Amino acid sequence: MKRNIIVLCLLLLNGFLIAQPDRWQQKIKYSINVKMDVVSNRFSGTEKIEYTNNSSDTLSRVFLHLYWNAFQPNSSMDMRSRELGKTVISEPNPRRASDGLDWDSRVKDRISKLSSDEIGYQRVSAVLINGAAQKLKEHETILEVILSKPILPKSKTVLDIQFEAQVPLQVRRSGRDSKEGIRNSMSQWYPKMVEYDYQGWNANPYIAREFYGVWGDYDVQISIDKNYFVAAGGDLINANEIGLGYEASGSKPTPTTSATRTWKWQANNVHDFMWAADPTYKMITRKVANGPLIRVVYKAVDSVETRWQKLADTCALAYPIMAKTFGNYPYKTYTIIQGGDGGMEYPMATLINTASVETAIHEWMHSWYQMILGTNESLYPWMDEGFTDYSSTRVMATLRNRQGFWQDATYRGYFALAKSGWEEPASTHSDHYNTNYAYSNAAYRKGAVFMEQLGYIIGDTARDLFLLDYFNTWKFKHPNPNDLIRVAEKRSGMELDWYKEYWINSTKTIDYSVGDIAVIDGKTSITVKRVGKMPMPVDVLITFKDGTQEMHYMPLDLMYGEKPKENAIPRTVHPEWIPINN
Ligand SMILES: [Zn+2]
Numbered sequence: 011m012k013r014n015i016i017v018l019c020l021l022l023l024n025g026f027l028i029a030q031p032d033r034w035q036q037k038i039k040y041s042i043n044v045k046m047d048v049v050s051n052r053f054s055g056t057e058k059i060e061y062t063n064n065s066s067d068t069l070s071r072v073f074l075h076l077y078w079n080a081f082q083p084n085s086s087m088d089m090r091s092r093e094l095g096k097t098v099i100s101e102p103n104p105r106r107a108s109d110g111l112d113w114d115s116r117v118k119d120r121i122s123k124l125s126s127d128e129i130g131y132q133r134v135s136a137v138l139i140n141g142a143a144q145k146l147k148e149h150e151t152i153l154e155v156i157l158s159k160p161i162l163p164k165s166k167t168v169l170d171i172q173f174e175a176q177v178p179l180q181v182r183r184s185g186r187d188s189k190e191g192i193r194n195s196m197s198q199w200y201p202k203m204v205e206y207d208y209q210g211w212n213a214n215p216y217i218a219r220e221f222y223g224v225w226g227d228y229d230v231q232i233s234i235d236k237n238y239f240v241a242a243g244g245d246l247i248n249a250n251e252i253g254l255g256y257e258a259s260g261s262k263p264t265p266t267t268s269a270t271r272t273w274k275w276q277a278n279n280v281h282d283f284m285w286a287a288d289p290t291y292k293m294i295t296r297k298v299a300n301g302p303l304i305r306v307v308y309k310a311v312d313s314v315e316t317r318w319q320k321l322a323d324t325c326a327l328a329y330p331i332m333a334k335t336f337g338n339y340p341y342k343t344y345t346i347i348q349g350g351d352g353g354m355e356y357p358m359a360t361l362i363n364t365a366s367v368e369t370a371i372h373e374w375m376h377s378w379y380q381m382i383l384g385t386n387e388s389l390y391p392w393m394d395e396g397f398t399d400y401s402s403t404r405v406m407a408t409l410r411n412r413q414g415f416w417q418d419a420t421y422r423g424y425f426a427l428a429k430s431g432w433e434e435p436a437s438t439h440s441d442h443y444n445t446n447y448a449y450s451n452a453a454y455r456k457g458a459v460f461m462e463q464l465g466y467i468i469g470d471t472a473r474d475l476f477l478l479d480y481f482n483t484w485k486f487k488h489p490n491p492n493d494l495i496r497v498a499e500k501r502s503g504m505e506l507d508w509y510k511e512y513w514i515n516s517t518k519t520i521d522y523s524v525g526d527i528a529v530i531d532g533k534t535s536i537t538v539k540r541v542g543k544m545p546m547p548v549d550v551l552i553t554f555k556d557g558t559q560e561m562h563y564m565p566l567d568l569m570y571g572e573k574p575k576e577n578a579i580p581r582t583v584h585p586e587w588i589p590i591n592n
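Residue numbering for the sequence shown follows this note's numbering, starting at 11 and increasing by one per position.
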């Protein structure tokens, strides 16, 4: 009977942990049809949006992103970049230009120098609902659509959009004719519905960061010069029509007498769609057992051929580590495409500019921390860049048989930030940081340390189980920091809100030192001093002259719990300590 009760309790606990949250979210279906002119670098298109308002709110207007309007002289993105270019940062910054200034090395003042046939734009000529034209108001990279009839709660509306666009000369993420010679990197390329969630509209202008979207399905038809090879984050549904054994390495479309070819793509249960096109693209594939088909698409140049082959092999080796530690990748394919300006993540695909294994693994890990756990990148960049930095560092360490994080850029970057005087709380909106330096180190490095350090607080075993709980609880949804902490609390049985408040919402540091060591009545007394203002549970490892070790553990009162003992070193648990804040 006792045994039965234990089994029942375990089942209940398990059911509780993986229960799906009941937060509503909007749903969307895009049907996009574009005709690309590879000479003028312009395209026109139609876009049908089936939008389901699952909220209990009546919507009198909707918003669309028009990202490419950022690539025009004097745009907000241009002005912001030139403003950041006035700040000298002496600290190491992965994205900093070699000139020591705070602007992004890829952007600098390049937008201000674009000519009329090099700028980007997206122009919506009409948004129709049931044949009726809606009133439009453009705010640079955001289009406001004022509805003639509001969208009622729990109802579906169909919007028919006509638009045209010019592909900008490659500056940031998307564009034409990149430094490596890729013709078209097509991200942020279509009028994209702004997400409406429990916090309202998220109509963030495109000045730097851009990821947050409505979950849904995409049908995309791309007509383009017949000599171009198209790659995308999705499944090609007319491979036979094109006459292409698409998954066969190195295969080319069959000759055609018409000037163009139409590629038909589908991607379901995603929140964005990206594609790329180039006449010299070559594709290789790797099939992972119990995993996706990996496609690698790159500009065929003999000198780098083996590097792309090796990258494909490493990604295939990495997948079992990723799945075991962070959860199963749910889509059938993942495509690594040469393009863009570094590395940038999209659903089911990435654009990377060179055959860097580290970059490919980082971008693929974004499938977990952004593409499946769809956090709002503007509000919580540490939850996608930080956790991606953490997970990709861990995957690379496992692949290369390396131990630990202490030697990595992750901790070094955070320590430099904490001492720099530039630090702002990691809860800052990603576009509102004073410097790119503070943003990138808070989002990537401090976010990664959050996850490694969570293992120190709740134990590495519980942290690893939490990683899978978090994935399974919040996949295909928009988790926020509280959602994350709640999952960690349920898994560990500890209260952890204090950890988020101190680490994310403040810039207080963790710094402890050993003070006096005294022998009183034959007993040794060791004083531990808090130097930084952030309270933490304290592990003190004592090593004796003969090499034997003892662990002394002082839980923090705010935790209402203890970390389990995780190794063979004898451990003494002391009474919880109570920090006095000032
Ligand atoms: Zn990233």
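By construction, the Cβ of each residue, glycine as well, lies at the ideal position given by its N, Cα and C atoms.
A quick note: this is a predicted structure, and the numbers were derived from the prediction, not measured.
Can you determine whether any heavy atom of ligand 1 sits closer than 8 Å to the C-beta of residue i, and answer yes or no?
i: Y390; result: no
i: H376; result: yes
i: Y454; result: yes
i: E368; result: no
i: K398; result: One detail in the question is off: residue 398 reads as Thr in this sequence, not Lys. True, at least one ligand heavy atom lies under 8 Å from that Cβ.
i: D394; result: yes
i: G353; result: yes
i: E220; result: no
i: N439; result: According to the sequence as given, residue 439 is His; it is not Asn. Every heavy atom of ligand 1 is 8 Å or more from the Cβ of H439, so no.
i: E586; result: no
i: E605; result: Because residue 605 is not part of the residues shown, which for the chain are 11 to 592, the question remains open.
i: H372; result: yes
By the 10 Å Cβ neighbour count, where 16 or more other Cβ atoms means buried, how is residue i classified, buried or exposed?
i: T267; result: exposed
i: G557; result: exposed
i: S184; result: buried
i: N300; result: exposed
i: P565; result: buried
i: V49; result: exposed
i: T68; result: exposed
i: V541; result: exposed
i: A142; result: exposed
i: G110; result: exposed
i: T582; result: exposed
i: S135; result: exposed
i: Q209; result: exposed
i: Q413; result: exposed
i: E93; result: exposed
i: F554; result: exposed
i: S70; result: exposed
How is residue i classed by DSSP in three states: helix, strand or coil?
i: A578; result: coil
i: N24; result: For N24, the predicted structure reports a pLDDT of 42, less than 50, and the residue's modelled location is therefore unreliable. The matter cannot be settled from this model.
i: P160; result: strand
i: H149; result: strand
i: A419; result: helix
i: Q276; result: strand
i: S377; result: helix
i: L74; result: strand
i: G226; result: strand
i: L389; result: coil
i: A218; result: coil
i: G503; result: coil
i: D170; result: strand
i: M332; result: helix
i: V367; result: helix
i: L464; result: helix
i: Y522; result: strand
Within 9 Å of any Cβ in chain B, is that where the Cβ of residue i sits?
i: V307; result: The structure shown contains no chain B; it is built from a single protein chain.
Can you determine whether any heavy atom of ligand 2 sits closer than 8 Å to the C-beta of residue i, and answer yes or no?
i: E576; result: In the structure shown, ligand 2 is absent; the only ligands present are ligand 1.
Taking contact to mean at least 3 C-beta pairs separated by less than 8 Å, is the region 388-401 in contact with the region 438-453?
yes
Whether or not the region 207-222 and the region 312-326 are in contact is what I'm after, with contact meaning three or more pairs of Cβ atoms, one per stretch, closer than 8 Å; do they touch?
In this structure the region 312-326 does not lie against the region 207-222, because fewer than three pairs of beta carbons, one per stretch, are closer than 8 Å.
Would the region 33-44 count as touching the region 107-123 if we require 3 or more Cβ pairs under 8 Å?
no
When you compare the region 326-338 with the region 153-167, are there three or more beta-carbon pairs, one atom per stretch, that lie closer than 8 Å?
no
Contact between the region 471-487 and the region 370-387 is defined here as three or more beta-carbon pairs at a separation below 8 Å; is this criterion met?
yes
Cβ contact (3+ pairs, closer than 8 Å) linking the region 225-234 and the region 73-81:
no
Contact between the region 414-433 and the region 463-481: three or more CB pairs below 8 Å?
no
With a threshold of 8 Å, are at least 3 pairs of Cβ atoms found where one atom belongs to the region 347-360 and the other to the region 401-411?
no
Is it the case that the region 531-551 contacts the region 506-520, given that we only count it when at least three CB pairs across the two stretches are under 8 Å?
yes
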